[in-house]
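Engineer: Residue numbering for the sequence shown follows this note's numbering, starting at -17 and increasing by one per position. A virtual CB, placed ideally from N, CA and C, is assigned to each residue, including glycine.
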Amino acid sequence: MVYETGNRTIDEAVRRVLDGERLDRRDGLALIAQPVEELAAAADYVRSHFGDGTVDACSIVNAKAGNCAEDCGFCAQSAHFDTGIDDYGFLDPEEILEAAKRAERDGAQRFGIVVAEKGVSKEKRPKEWEEVIRAIRLVRDETDVEVDASLGILTEEEAEILADEGLNHYNHNVETSPNYFPEIVDTHSFEDRVHTLEVAKEAGMDLCAGVILGMGESPTDRVDAAVALQDVGVSSLPVNILNPVAGTPLAEDLSGSADITTEEIIETIAVYRLLHPEARVRLTGGREVNLDADQQHLPFEAGADGMLTGDYLTTEGQSPGDDIEIVERAGLEPNTEANDFDPEAVKERTADDDAAVDTAAGTATEVQTDD
Ligand code: SF4
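1. In terms of alpha-carbon separation, which member of Cys57, Ile42, Val43 lies closest to Asn49?
2. Answer yes or no: the CB of Glu113 versus the heavy atoms of ligand 1, is any distance below 6 Å?
3. Looking only at its chain, what residues have a beta carbon closer than 6 Å to the beta carbon of Lys183, apart from the 5 residues adjacent to it on each side?
4. Helix, strand or coil for Pro281, going by three-state DSSP, please let me know.
5. Could you name the residues of the same chain whose beta carbon sits closer than 7 Å to that of Leu236, not counting the 5 residues immediately before and after it, in chain order?
6. For Asn272, report the span of its beta strand (DSSP E) as first-last.
7. Could you check the C-alpha separation between Asp352 and Asn(-11) for me, to the nearest Å?
8. Would the beta-carbon of Gly288 fall within 7 Å of that of Arg262?
9. Using only alpha-carbon positions, find the residue among Ala45, Ile42, Val43, Phe63 that is nearest to Glu52.
10. So is the beta-carbon of Ala360 under 6 Å away from any non-hydrogen atom of ligand 1?
11. How far does the beta strand (DSSP E) with Phe93 in it reach, from first residue to last?
12. What three-state label does DSSP hand Lys106 in the structure shown?
13. Is any heavy atom in ligand 1 found nearer than 6 Å to the beta carbon of Glu173?
14. DSSP has Val167 in a bridge; who is on the other side?
15. For Ala356 and Asn161, which I take to be in contact (beta-carbon distance under 8 Å), what is that distance rounded to the nearest angstrom?
16. How far does the alpha helix (DSSP H) with Lys183 in it reach, from first residue to last?
17. Excluding the 5 residues preceding and the 5 following Pro201 in the sequence, name in chain order all residues of the same chain whose CB lies nearer than 6 Å to its CB.
18. Would you tell me roughly how many angstroms separate the C-alpha atoms of Ala240 and Tyr254, rounded to the nearest one?
19. Near Glu113, what residues of its chain come up, given a Cβ to Cβ distance below 7 Å and the 5 sequence neighbours on each side ignored?
20. Would you list the one or two residues that DSSP bridges to Glu157?
21. What are the residues that DSSP puts in a beta bridge with Met289?
22. Just to confirm before moving on: does the CB-CB distance between Ile67 and Ala24 stay below 7 Å?
23. Rounding to the nearest angstrom, what Cα-Cα distance links Asn150 and Val102 in this structure?
24. What residue range does the beta strand (DSSP E) around Val129 cover?
25. Report the partner residues of Ala47 according to the DSSP bridge assignment.
26. Quick one: grab the DSSP three-state call for Gly135.
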């Protein structure tokens, strides 16, 4: 079947993608300049060709929070910035298992153990390393979700141990383009991040690596980040949209709002789908604050087929039931491959939870919304 919008740049790109060709930087730059509606329709077509009509949900736990020695300008967990977040050491692995079970019950297909750290070091912090391994084993053995982790920079030995322990996926975002990265982070380099992805892949783990949009980068940077991720070969491409946290340099530089329009979010997602036809392009942090409630399904009509559900590392997400409704509004279904959950039951239960929180909010000045 031939796909035709009448836009030659887009039609030719789609034809080549369907033929199994990998689009390059020049293609990406040409595509991102095309009309957003045509791009979105083409990306939706490519998603339906390569995908199975489902949206995959993952969930994360902030297993070690704050006090990180790195200075990523978007991050509330850096010790360089005064953001007032709670910091704590590595959680009890049993607590992490409970979080994984909750995520599984809410429809997550994979569960990520995330630490705020340049790297969990087996050599420098052997006790913490053992706890990380214990947590991976517990989630691996006692749930059906796939296990993911985001532990910062890895050595080859560490990557091999993690892969042998059954860690299916490794997350390490590149955040932005190689050129723009030094504007955001001083304490480590883009190459450091890519090296860890290569080490994780070499050890046999699938890669989950993506970006944060709206940090002041240009459309060219957005394309360059996706091209860098083609080179490392990712199976999951998380797309965060900056949710500026007071106290971070980016919140100050951008006066508290992400530097991106809705149209740019949609066109970037669509171009990412065309550059990564077989990856899960995954909407993650910041989608609720940067897209209105009636716009949140639009990325899923423009090639996205994954999402992070539940809370983020330092900010709250929306309820899993609301996320399922967004997926259904886009004409797609939640993925149930690893965790055969009932979407209707999740919607009902989380609607009840939301109602309970609303009721509690009437009598309390501060509501704890963590499950
Ligand atoms: S993004 Fe990661 S490495 Fe950078 S400051 Fe935050 S926790 Fe540390």
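Structural biologist: According to the structure shown:
1. Cys57
2. no
3. Leu189
4. helix
5. Gly198, Pro226
6. Segment 269 to 272 is the alpha helix (DSSP H) holding Asn272; no beta strand (DSSP E) there.
7. Here Asp352 scores only 29 on pLDDT, less than 50, and its place in the model should not be relied on; the value that follows carries that caveat. If I take the Cα positions, the gap works out to 47 Å.
8. yes
9. Phe63
10. It is not possible to answer for residue 360, since the shown part of the chain is limited to -17 through 353.
11. 92 to 97
12. coil
13. no
14. For Val167, which the question treats as bridged, DSSP gives no partner whatsoever.
15. Summary: the structure shown does not reach residue 356, with the chain confined to residues -17 through 353, and so no result is reported for it.
16. 172 to 184
17. Ile14
18. 19 Å
19. Phe72, Pro75
20. Val193
21. Ala39, Leu265
22. no
23. 18 Å
24. 128 to 132
25. Tyr70
26. Position check: residue 135 holds Ile in this sequence, whereas Gly was assumed. In the structure shown, Ile135 sits in coil (DSSP, three-state: anything other than H, G, I, E or B).
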